[in-house]
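Novice: Heads up, the sequence shown is in this note's numbering, so the first residue is 19 and it goes up one at a time.
Note that the Cβ used here is the ideal one computed from N, Cα and C, for glycine as well.
One structure, as structure tokens, below. Some questions next.
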Amino acid sequence: MQFERMANASLVPLPAKHVDTGMGFERLCMAIQGVTSNYDTDVFQPMIRSIGQMAGKTYGQDRQTDIAMRVIADHIRAISFTIADGQLPSNVRAGYVIRRILRRAVRYGYTYLNFREPFLYRLIPQLAGQFADVFPELKAQEEFVSRVIMEEESSFLRTLETGLRRFDQVATESKGGTVDGGVVFELYDTYGFPVDLTQLIAREKGLSVDEEGFKREMEVQKQRSRAAAASEATDWVEVYDADAVEFVGYDQLESDARIVKYRAVTTKDKTQYQIVLDRTPFYAESGGQVGDRGVFVFNEGQPGQKLIRIVDTKKESDLIIHFTSDNILSFGDLLGQPLTVRVDTGKRILTENNHSATHLLHAALKEVLGSHVAQKGSLVNENVLRFDFSHFAKMTDEEIERVEKIVNRRIRENIARDEKRNVPIAKAMELGATALFGEKYGDFVRVITFNPDYSVELCGGTHVPATGQIGLFRIVSESAVAAGVRRIEAYTADKAEELVDEQFGTLRELRELLKGPKDVRKAVAGLLHEKQALARQVEAFQLEQAGAIRESLLQKVQRSNGVSVIAEKVTLPSADALKGIAYELKQKVENLFLVLAADVQGKPQVAVMIDDQLVKDKNLHAGNIVKELAREIKGGGGGQPFFATAGGTDLSGLDRVVEKGREMLIKQF
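Below, the structure is given as structure tokens:
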């Protein structure tokens, strides 16, 4: 590392330079143990031997199976450590990388070691035991990590089988013995098939692969991705020389400051400016808490006052960067002047309410569900809190209610926040602090406590001075987001009050509709009981009506060359009644050929029923006939050779259906 490449491609020498020798732990082991490969060291060999035993293979006897075992032994470490550290497989960003690594390991096992069932998860106990002293997080979450990996494996193996069926279909359609490059890309992009797997399967079937066509499709996708993600940043423009950037947002929401540097970033013809200050109260997005919004004010209260509206705050390389869509270049020399920076107080307070509530929620979940609960992600903004946690079952209504009650009780206790900064991390762990997902901790940390016996967590976010400020906590949903991971969404403060007001408003309207009963629940139950009784009466009436129609149709049977013909228009209450009459007539009338044009509550429907023997002797198909008849009601349908139905939009066409049905019968018989 020697230079920093600037936006104009010039190279600026770095103040500190170094040489990366590449001599990591595994290579040191290789040198010390006198072997020629990382995989021959005792770091990997126990795992490789286990994989070989599972597959019934011996390492060192076949090049392809050796490669597969090495890939699996390497990938299972990356997958497991990352999941234990809080990153779950997904379709976006880092989660997508983990998913692709896992699927690559599964593909190697499937192709070269004949694993047809999930197998990676079975390696976790051995891996957790091997690294228990250096990475205890995996041992502590062994069951959780195993469950996540097993679910991912199962899902991908189903996809793999679907992809193989798709390949079989492609193989029969391929021309000239070559699988089209577009299809190879489809298998890669949709089903996760690498080119080498597709080539292997193709060779087994005596086919080749259009590699150039695949490369062209890949390049098209890359160009799309580059275009979607393309952004161009100018070099930083230095305005003021500052030794360090100071964050003062834990103690104040307004401060004096100076702009240290700024730059423009253009993405898809949209330009934003990024600004770094020498001191700022703006919290940068981190640990699930969104960044602050607010304003920068030049010449406040003077005729030349000007504002920069800050729409977001993020952290990059230990810098707190403020984002604005305002064209700050128009500010000219003002950018070098002192200014006042002010956080949007309302947004910050509501965000703090939700952030502190996640700490109370985390502790309550541990109390209700068990100590296995661990945070797996969060989102905290001014509107909602979202909390992901490890748990293998859907929470019951009773469990949700208990958690909600515990949190609200802690809020009413108005527990004062105890905040300790720059605590040695070892000391923080002695205090029983819980490390939060997504945070990277140094030697010194910040500890947030709401009652030492209830909630003690390492956290860099902003929090309420006392829990009473949160006001009210209401859970609005509980759902699954991944294998072994549940998600709770909840409201606090104003949003929680709005939810309660809305629910009470609905209850009030319901009470008015029911004419003010003392017991609303009993009144609603009575209505439901009455509705069920009426529904049974209606059903009985409909059955009676359908029976009368059936008997009427039996009187209209016409005989033609040994065939019993019925083609009539009827009015029926439901599609089920239409189907029921058709089947009943089939049971009662021999050699039946039936066409019913039905008005079903103002919508046209057609049913065609043909005796099984007629279907066989005359090569008839009710599905084809009903499609032809459905044109008269501007609709469509289909079905089996002996029975088919159709629906449409033109009720006036039912008479034409009957006429056309009779004409078709005359032609047939």
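Quick one: grab the DSSP three-state call for R505.
Specialist: Strand at R505.
Novice: With a threshold of 7 Å on Cβ separation, who are the neighbours of E650 within its own chain once the five nearest residues in sequence on each side are excluded?
Specialist: The residues are G671, R674, V675 and K678.
Novice: Curious, which full-length alpha helix (DSSP H) runs of at least 4 residues does the stretch 551 to 621 contain?
Specialist: Segments of the alpha helix (DSSP H) lying fully in the stretch 551 to 621: 593 to 606.
Novice: Tell me whether V166 is buried or exposed, calling it buried when 16 or more other Cβ atoms sit within 10 Å of its Cβ.
Specialist: So V166 ends up on the buried side.
Novice: State the Cα-Cα distance for the pair N432 and R439, rounded to the nearest angstrom.
Specialist: N432 and R439: Cα-Cα distance of roughly 22 Å.
Novice: Mind checking which residues open and close the beta strand (DSSP E) that includes D330?
Specialist: Segment D330 to E334, the beta strand (DSSP E) holding D330.
Novice: Report the residue from A146, R140 and E155 whose alpha carbon sits nearest the alpha carbon of S172.
Specialist: That would be R140, whose Cα lies nearest to the Cα of S172.
Novice: Report the rounded CA-to-CA distance for V613 versus M627, giving the unit in angstroms.
Specialist: Those two C-alpha atoms are separated by around 7 Å.
Novice: Using only the alpha-carbon positions, how far apart do F211 and L178 sit?
Specialist: Taking the straight line joining both Cα atoms gives about 8 Å.
Novice: Mapping the DSSP letters down to three states, classify L29 as helix, strand or coil.
Specialist: Strand.
Novice: I need the DSSP call for A662, collapsed to helix, strand or coil.
Specialist: It is a strand residue.
Novice: Return the bridge partner residues of Y209 from the DSSP annotation.
Specialist: Answer is none; Y209 lacks a bridge partner.
Novice: Spatial neighbours of L383 within its chain, please: CB distance less than 7 Å, with the 5 preceding and 5 following residues excluded, ordered by chain position.
Specialist: Cβ within range, chain order: V391, F407 and V421.
Novice: Compare the beta carbon distance of Q270 and P299 with 8 Å and say whether it is the shorter of the two.
Specialist: In contact: Q270 and P299 (Cβ atoms closer than 8 Å).
Novice: Looking at the secondary structure, which residues open and close the beta strand (DSSP E) in which H377 lies?
Specialist: No beta strand (DSSP E) holds H377; the alpha helix (DSSP H) holding it covers T363 to L387.
Novice: Following the continuous alpha helix (DSSP H) through L632, name the residue where it begins and the one where it ends.
Specialist: Start and end: D630 to K636.
Novice: Looking at the secondary structure, which residues open and close the alpha helix (DSSP H) in which E170 lies?
Specialist: Counting along the chain, the alpha helix (DSSP H) containing E170 begins and ends at E160 to E191.
Novice: V402 and N372 look like a contact to me (Cβ under 8 Å); what is the Cβ gap, rounded to whole Å?
Specialist: Contact flag correct, Cβ pair sits at about 7 Å.
Novice: My output table needs one value for Q148: the three-state DSSP class, helix, strand or coil.
Specialist: In the structure shown, Q148 sits in a helix (DSSP, three-state: H, G or I).
Novice: Report all residues from its chain with a CB closer than 7 Å to the CB of V313; omit the five preceding and five following residues, and keep chain order.
Specialist: Contacts found: L325, I326, R327, I328 and R360.
Novice: Roughly how far, in whole angstroms, is the beta-carbon of F559 from the beta-carbon of V581, given that I think they are within contact range, below 8 Å?
Specialist: Not really, about 34 Å apart at Cβ, beyond 8 Å.
Novice: Could you round the C-beta distance between V463 and I443 to whole angstroms and report it? I think they count as a contact, below 8 Å.
Specialist: Indeed, because the Cβ distance is near 5 Å, the residues count as touching under 8 Å.
Novice: Apart from the five residues just before and just after F149, which ones in its own chain have a Cβ nearer than 7 Å to its Cβ?
Specialist: Correct list, in chain order: L156.
Novice: How is the beta strand (DSSP E) around N399 delimited, first residue to last?
Specialist: First-last for N399: undefined, no H or E at that position.
Novice: Could you give the distance in angstroms between the alpha-carbon of Y209 and the alpha-carbon of G181?
Specialist: For Y209 and G181, the distance between alpha carbons rounds to 6 Å.
Novice: Can you give me the C-alpha to C-alpha distance between L525 and Y268, rounded to a whole angstrom?
Specialist: Going by the C-alpha atoms only, they are around 42 Å apart.
Novice: If you reduce the DSSP assignment to three classes, tell me which class G305 lands in.
Specialist: Reduced to three states, the DSSP call for G305 is coil.
Novice: Near G666, what residues of its chain come up, given a Cβ to Cβ distance below 7 Å and the 5 sequence neighbours on each side ignored?
Specialist: P622, A648, I651, K652 and G653.
Novice: In the structure shown, what three-state DSSP assignment does L215 receive?
Specialist: Here L215 sits in helix by DSSP.
Novice: In this structure, how does DSSP classify Q79 when only helix, strand and coil are distinguished?
Specialist: In this structure, Q79 counts as coil in the three-state DSSP scheme.
Novice: How long is the line joining the alpha carbons of R276 and E235, rounded to whole angstroms?
Specialist: Going from the Cα of R276 to the Cα of E235 covers about 50 Å.
Novice: Going by DSSP, which residues form a beta bridge with S343?
Specialist: S343 is not bridged to any residue.
Novice: If you draw a straight line from the alpha carbon of V183 to that of V644, how long is it in whole angstroms?
Specialist: The residue asked about is misnamed: residue 183 is Arg in this sequence, not Val. Their backbone Cα atoms lie some 33 Å apart in a straight line.
Novice: Between I339 and Q292, is the Cβ-Cβ spacing less than 8 Å?
Specialist: Result yes, Cβ atoms of I339 and Q292 sit closer than 8 Å.
Novice: Counting beta carbon pairs with one atom in the stretch 223 to 235 and one in the stretch 189 to 205, are three or more of them shorter than 8 Å?
Specialist: Touching, per the Cβ criterion.
Novice: Which ranges does the beta strand (DSSP E) cover as unbroken runs of at least 3 residues, wholly within the stretch 241 to 315, from first to last along the chain?
Specialist: Whole beta strand (DSSP E) segments, 3+ residues: 249 to 251, 272 to 275, 277 to 285 and 288 to 295.
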